[in-house]
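In the working numbering, the protein residues as written are 34 to 149.
Built from N, CA and C at the ideal position, the CB exists for glycine as well.
This structure is a prediction, so every number in the text was calculated from the model and none was measured.
What follows is the structure, given as C-alpha cells:
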C-alpha cells in the first residue's frame, strides 16, 4: 500500500465532508439564491464517492495506480469546477466539468480492463 496515496485519499474524504457541511450550513442561503445548491451537492457527492474509491485503490496494488490518478483528476476537474461555479456563479466553468467526468469514466474503465 502506498501510504502517501492513502493519506491523500483520506484527506479528500475529510474535505468532502467539510465542504458538504459548509455548503449545507454557511453557504446554503447564497447557493439557494444563485440556484446552485444542487450543483454544490452534486460536487460533494461525486467527490466523496470517488475519494472513498481512492482509499480502496490505495490499498490494492500497483496495477491500479493509473485508475487512482484518473479518479483523482476527476475529483479535481469535475467536483472542483462545480465548486468554483457554485461559489463564483461563473457558469462557463461548467465546460470543464465533462473533462472530469471523462476522467472518472477512464478510471473505472481502467479497473475493468487492467487485471489485478
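If I measure Cβ to Cβ from residue i and keep anything under 6 Å in the same chain, skipping five residues before and after, which residues do I get?
i: residue 147; result: 96
i: residue 144; result: 100
i: residue 52; result: 77
i: residue 137; result: 107
i: residue 122; result: 67
Leaving aside the five residues before and after residue i along the sequence, list all residues of the same chain whose C-beta is less than 7 Å from its C-beta, in chain order.
i: residue 132; result: 110
i: residue 72; result: 115, 118, 119
i: residue 64; result: 56, 70, 73, 119
Expressed to the nearest angstrom, what Euclidean distance is found between the alpha-carbon atoms of residue i and residue j?
i: residue 85; j: residue 66; result: 31 Å
i: residue 74; j: residue 94; result: 31 Å
i: residue 156; j: residue 130; result: Residue 156 is absent from the structure shown; the chain starts at 34 and stops at 149.
i: residue 38; j: residue 87; result: 8 Å
i: residue 127; j: residue 80; result: 16 Å
i: residue 104; j: residue 50; result: 18 Å
i: residue 141; j: residue 46; result: 19 Å
i: residue 90; j: residue 135; result: 19 Å
i: residue 139; j: residue 54; result: 29 Å
i: residue 102; j: residue 41; result: 11 Å
i: residue 124; j: residue 62; result: 18 Å
Along the chain, where does the alpha helix (DSSP H) that runs through residue i open and close?
i: residue 141; result: 130-146
i: residue 118; result: 113-121
i: residue 93; result: Note, residue 93: premise wrong, no alpha helix (DSSP H); not H, not E.
i: residue 125; result: From DSSP, residue 125 is part of no alpha helix (DSSP H); its letter is neither H nor E.
i: residue 45; result: 36-57
i: residue 68; result: Premise fails: residue 68 is in no alpha helix (DSSP H) and is neither H nor E.
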